[in-house]
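Student: Respectively, the protein sequence lines represent chains G and L. When we follow the working numbering, the leftmost residue of the first sequence carries the number 1, and every step to the right adds one. When we follow the working numbering, the leftmost residue of the second sequence carries the number 250, and every step to the right adds one. Think of the CB as a built atom: it goes at the ideal place given N, C-alpha and C, for glycine as much as any other residue. Below is the structure I would like to discuss, written out as structure tokens.
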Amino acid sequence: MSASLLALESVTAAYGRLPVLHDVSLQVRPGDIVSLIGANGAGKSTTMMTICGRPRASRGRVLFDGADITRCPTHEIARLGICQAPEGRRIFGRMTVMENLQMGAIVANAPDGFEADLARVFALFPRLKDRASQRGGTLSGGEQQMLAIARALMGRPKLLLLDEPSLGLAPLVVKQIFEAIKALNADGLTVFLVEQNAYHALKLADRGYVMVNGRITMTGTGAELLASEDVRSAYLDGAASEAEEPVSS
Amino acid sequence: MLTVVAIVFFGRLALNLFVWQAEYPLAAPFAKLFTSEPFERRDLVTYAVTCIFGAAWIVTGLVLEEAVYGVLGTVVLLFVGLGLLRRAILQRFPDLPYAQIFIACGIAFALFFPIVSYALESVFHLGLPLRYWFDLSILILTYVMLGWGLNIVVGLAGLLDLGYVAFYAVGAYTFALLATHFGFGFWMCLPIAGAAAALWGVILGFPVLRLRGDYLAIVTLAFGEIVRIVLLNWTEVTGGPNGIAGIPKPTFFGLPFSPFAEGMTFSKFFGVPYDGLYALIFLYYVILVLALLTNLVTLRLRRLPVGRAWEAMREDEIACRSLGINTTLTKLSAFATGAMFGGLAGCFFATRQGFVSPESFTFIESAIILAIVVLGGMGSQLGVAIAAVVMVGGFEALRHTAGLQAIFGDEFDPALYRMLLFGIAMVGIMVWRPRGLVSSRAPTIALGDADTISGDLVRQGRG
Chain G
1 MSASLLALES VTAAYGRLPV LHDVSLQVRP GDIVSLIGAN GAGKSTTMMT ICGRPRASRG
61 RVLFDGADIT RCPTHEIARL GICQAPEGRR IFGRMTVMEN LQMGAIVANA PDGFEADLAR
121 VFALFPRLKD RASQRGGTLS GGEQQMLAIA RALMGRPKLL LLDEPSLGLA PLVVKQIFEA
181 IKALNADGLT VFLVEQNAYH ALKLADRGYV MVNGRITMTG TGAELLASED VRSAYLDGAA
241 SEAEEPVSS
Chain L
250 MLTVVAIVFF GRLALNLFVW QAEYPLAAPF AKLFTSEPFE RRDLVTYAVT CIFGAAWIVT
310 GLVLEEAVYG VLGTVVLLFV GLGLLRRAIL QRFPDLPYAQ IFIACGIAFA LFFPIVSYAL
370 ESVFHLGLPL RYWFDLSILI LTYVMLGWGL NIVVGLAGLL DLGYVAFYAV GAYTFALLAT
430 HFGFGFWMCL PIAGAAAALW GVILGFPVLR LRGDYLAIVT LAFGEIVRIV LLNWTEVTGG
490 PNGIAGIPKP TFFGLPFSPF AEGMTFSKFF GVPYDGLYAL IFLYYVILVL ALLTNLVTLR
550 LRRLPVGRAW EAMREDEIAC RSLGINTTLT KLSAFATGAM FGGLAGCFFA TRQGFVSPES
610 FTFIESAIIL AIVVLGGMGS QLGVAIAAVV MVGGFEALRH TAGLQAIFGD EFDPALYRML
670 LFGIAMVGIM VWRPRGLVSS RAPTIALGDA DTISGDLVRQ GRG
């Protein structure tokens, strides 16, 4: 546990007076892909945003690389090397692909590295190179997601946060995106993934967490969770079932 | 007069109904001037008939010595002639960079207009109303500069500011107070006024950091009013409604223009007879340089990280924060930079008028500047300049419509209808060009060729 790159220790968070996360603890070890799955409104995205300090954890701590970042402002957290492809992509619609990537490179602190980073990103998503001078808002959904990930990568992250990268995309595109994530991880990048698409997320994951109503209810390796009867019935078969009871493995 | 109009109108109507039938609408050949559709024979006939009528009107005007006919005929001829010319050029050279040529012509015109017109006047004694022309162009350039300054806040950073005139006022009063109390000159006060306005920009920026859109607009509107009302009521310092008079004119590197000044003056130094127009021409170039400086700084900033951060913040503030951009600093810098240019313009305004009072800084000024930015196309420098010329120059043109008076009677005063026409123009532009006159945004970086895509094709940048 001490070797975690990112650790949430009993984090509680709320929007105003509405509590969302209860006592959430999870670890992301360097070099892993960690997936957090759960239904709509379970608190997955809130977990992601709490890591970035908005909303702040009202109790508990967020540790990154051993340092307590619970109280850091969001932009400083990003500068520590936590780069995010936010939910709904949130690319800059009226700016070109190149400008979007430049925005991502602001935290890289490597003025000479821009060209090299650009080449790496274009190698990963060749489509973006064809679209380099096009406005972000004119890209297709899949291309926008690629751009969102590429933009996060331009910041030379130590930890990449991906919030629902499969949101609203065709199955084939989802597959491409997850292959790209796998390739990134193979190069040594640590990835923390929040997903509704439990099958893809868990297949890829070294470690998985299941979240229900703001609590972590299950954890295990990706394969274990995929094989688990509760996960299968709740998130894979599409049949509604009781996943409320904590089952640790 | 009326009979001529009636004959023309019904003549055309008859042609339309009985010769060309209804499927060939009256406006079609004229609309065709703005497209690249091929001409038909009847189009050419229409143009010919129109031109003959235009020429006939001009002749009538000359014979009867009635300006109206002449003006109407000239407008008609110019419309058709320029339209045909534009089509011919576009067809011959479809790939010329028209926007660049237009900008270059505009800047060249702005640079040489006063010198050339003054030279023409002094050589040929044409009786041109130079003083009026220069005054008007100085006014237009002031609004161009204000529009470009506000464009940083509204167009680039996407922060709707309804109280921009407050910074204009801060700049003007800073100079007025420093000049009347401490005897500071224009050039010394120019940077001080800019800095003071920037400081007030930050002071306004702090409380509104968390606001966006409508709420931000309300607070900035209130800020503008607060500044004006303080200026109005703080009589000991600002002179209240009486304002501050006796603000010095700028000097030409230390040489005053006034004939009554002691010591060396501009006309004595250069050995030319005194002419009040020299001071105006100098003021013209001062505001031209200030405006171009605003433009240049904006264009450079757009290519720097801070300018890109402004634009990104306009698109999506949350994404900005997740990319490590300090949105607090970004917003404050946008407010401060925009306010600074407002302050510089205010300082210039004070020295041009020689007098400031709260009356010059009412909400309608903010509204006009904002209208210039919005009509020009938010974020587009060229659009803002065109909009400033059209709005300020267009209003001014309403004062000189003897032609309209001839039609509607002598009591008709078109200046009274300014606001009505302003509103109609606004509605028209919002219907036909909802993104402003120039709605494309040039990218700041490109791989290979940069292409501009109209803003219409992209979703509203609200995230």
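Leaving out five residues before and five after L:Ala616 in sequence, what residues of the same chain have Cβ atoms less than 8 Å from its Cβ?
Tutor: Taken in chain order, the residues that qualify are Leu411.
Student: Chain G partners of L:Ser516, CB-CB under 8 Å?
Tutor: Within chain G, no residue comes near L:Ser516; the closest Cβ sits about 52 Å away, beyond 8 Å.
Student: Can at least three beta-carbon pairs, one atom from the segment 150-163 of chain G and one from the segment 71-86 of chain G, be found at a separation below 8 Å?
Tutor: Counting Cβ pairs under 8 Å, three or more are found: they touch.
Student: Would you identify the three-state DSSP class for L:Thr611, choosing helix, strand or coil?
Tutor: Here L:Thr611 sits in coil by DSSP.
Student: Just to check my reading of the structure: L:Leu631 and L:Val687 have Cβ atoms closer than 8 Å, yes? What is that Cβ distance to the nearest angstrom?
Tutor: Between L:Val687 and L:Leu631 the Cβ distance is about 5 Å, and since that is below 8 Å, they are a contact.
Student: Does chain G have any CB closer than 8 Å to the CB of L:Glu564?
Tutor: Yes, because at least one Cβ of chain G sits closer than 8 Å to the Cβ of L:Glu564.
Student: On a CA-only basis, which of L:Phe598, L:Val555, L:Gly592 is nearest L:Thr577? Give me that one, please.
Tutor: Checked all of L:Phe598, L:Val555, L:Gly592; the closest Cα to L:Thr577 is L:Val555.
Student: Please determine, among L:Glu566, L:Val329, L:Tyr527, the residue with the shortest C-alpha to C-alpha distance to L:Asp384.
Tutor: Selected option, being the one with the closest Cα: L:Tyr527.
Student: How would you list, in chain order, the residues of chain G whose beta-carbon sits under 7 Å from the beta-carbon of L:Pro554?
Tutor: By Cβ distance, chain G contributes Ile106.
Student: Helix, strand or coil: how does DSSP classify L:Ala585 here?
Tutor: L:Ala585: helix per DSSP, three-state reduction.
Student: Does L:Cys569 come out as helix, strand or coil in the three-state DSSP assignment?
Tutor: Correct three-state label for L:Cys569: helix.
Student: Whose C-alpha, out of G:Leu139, G:Ala108, G:Tyr209, G:Leu204, is nearest the C-alpha of G:Ala78?
Tutor: Looking at the Cα atoms, G:Ala108 is the closest of the given residues.
Student: Kindly say whether L:Glu474, judged by its beta-carbon, lies nearer than 8 Å to any beta-carbon of chain G.
Tutor: Closer than 8 Å: no.
Student: With H, G and I counted as helix, E and B as strand and the rest as coil, what does DSSP make of G:Ala85?
Tutor: Correct three-state label for G:Ala85: strand.
Student: What would DSSP say about G:Met49, mapped onto helix, strand or coil?
Tutor: Note: G:Met49 maps to helix in three-state DSSP.
Student: For L:His374, does the count of other Cβ atoms within 10 angstroms reach 16, so buried, or fall short, so exposed?
Tutor: Classification for L:His374: exposed.
Student: Which chain L residues are close to G:Ser35, counting only those with a beta carbon under 9 Å from its beta carbon?
Tutor: Neighbours of G:Ser35 on chain L: none; closest Cβ ~20 Å, over 9 Å.
Student: For a quick check, are the C-beta atoms of L:Leu465 and L:Leu408 less than 8 Å apart?
Tutor: Yes, these two residues count as a Cβ contact at 8 Å.
Student: Going by C-alpha to C-alpha distance, which of G:Asn185, G:Thr47, G:Gln145, G:Ala183 sits closest to G:Ala7?
Tutor: Comparing Cα positions, the closest option is G:Thr47.
Student: Excluding the 5 residues preceding and the 5 following L:Pro278 in the sequence, name in chain order all residues of the same chain whose CB lies nearer than 7 Å to its CB.
Tutor: Excluding positions up to five away in sequence, the list reads Asp292, Thr295, Tyr296.
Student: Taking only beta-carbon positions, decide if L:Arg290 is within less than 8 Å of chain G.
Tutor: It does not: the Cβ of L:Arg290 has no partner Cβ on chain G nearer than 8 Å.
Student: For G:Leu63, tell me which candidate among G:Leu172, G:Ser35, G:Thr50 has the shortest Cα-Cα distance.
Tutor: It is G:Thr50 whose Cα lies nearest to the Cα of G:Leu63.
Student: Is the separation between the beta-carbon of G:Thr96 and that of L:Arg570 shorter than 8 Å?
Tutor: No, the Cβ-Cβ distance between G:Thr96 and L:Arg570 is not below 8 Å.
Student: With DSSP as the reference, label L:Ser516 as helix, strand or coil.
Tutor: The answer is helix: DSSP assigns L:Ser516 an H, G or I state.
Student: Going along chain G, which residues have a C-beta under 7 Å from L:Ile567?
Tutor: Those within 7 Å of L:Ile567 in chain G are Pro86, Arg90.
Student: Which residues in the same chain have their Cβ closer than 7 Å to the Cβ of G:Phe122, if we skip the five residues on either side of it in sequence?
Tutor: Cβ within range, chain order: Leu128, Lys129.
Student: Cα-Cα, which of G:Arg94, G:Leu147, G:Val231 is closest to G:Ile118?
Tutor: Reading off the sequence shown, one finds Leu at residue 118 of chain G, where the question assumed Ile. Out of G:Arg94, G:Leu147, G:Val231, G:Leu147 has the C-alpha closest to the C-alpha of G:Leu118.
Student: Kindly give me the distance between the Cβ atoms of L:Ile618 and L:Leu399, rounded to whole angstroms, as I take these residues to be in contact under 8 Å.
Tutor: Indeed they touch by this definition, with Cβ atoms about 5 Å apart.
Student: Counting only beta-carbon separations shorter than 8 Å, does G:Ala57 have a partner in chain L?
Tutor: No, its Cβ sits nowhere closer than 8 Å to a Cβ of chain L.
Student: From G:Gly104 to L:Arg601, what does the alpha carbon distance come to, in whole angstroms?
Tutor: Approximately 46 Å between the Cα atoms of the pair.
Student: Around the C-beta of L:Pro505, are 16 or more other C-beta atoms found within 10 angstroms, so that it is buried, or is it exposed?
Tutor: Classification of L:Pro505: buried, given that the 10 Å Cβ count is 16 or more.
Student: Figure out for me which residue from L:Leu624, L:Val638, L:Val633 has the closest Cα to the Cα of L:Ile673.
Tutor: Checking every option, the nearest Cα to that of L:Ile673 belongs to L:Leu624.
Student: For G:Gly208, report the span of its beta strand (DSSP E) as first-last.
Tutor: First-last of the beta strand (DSSP E) with G:Gly208: 207-212.
Student: DSSP state of G:Gly265, grouped into three classes?
Tutor: No statement about residue 265 of chain G is possible, as the shown extent of chain G runs from 1 to 249 and does not include it.
Student: Any beta-carbon of chain L closer than 8 Å to the one on G:Glu99?
Tutor: By this cut-off, G:Glu99 is an interface position.
Student: Should L:Gly396 go down as buried or exposed, given a rule of 16 or more other Cβ atoms within 10 Å for buried?
Tutor: By the neighbour-count rule (16 or more Cβ atoms within 10 Å), L:Gly396 is buried.
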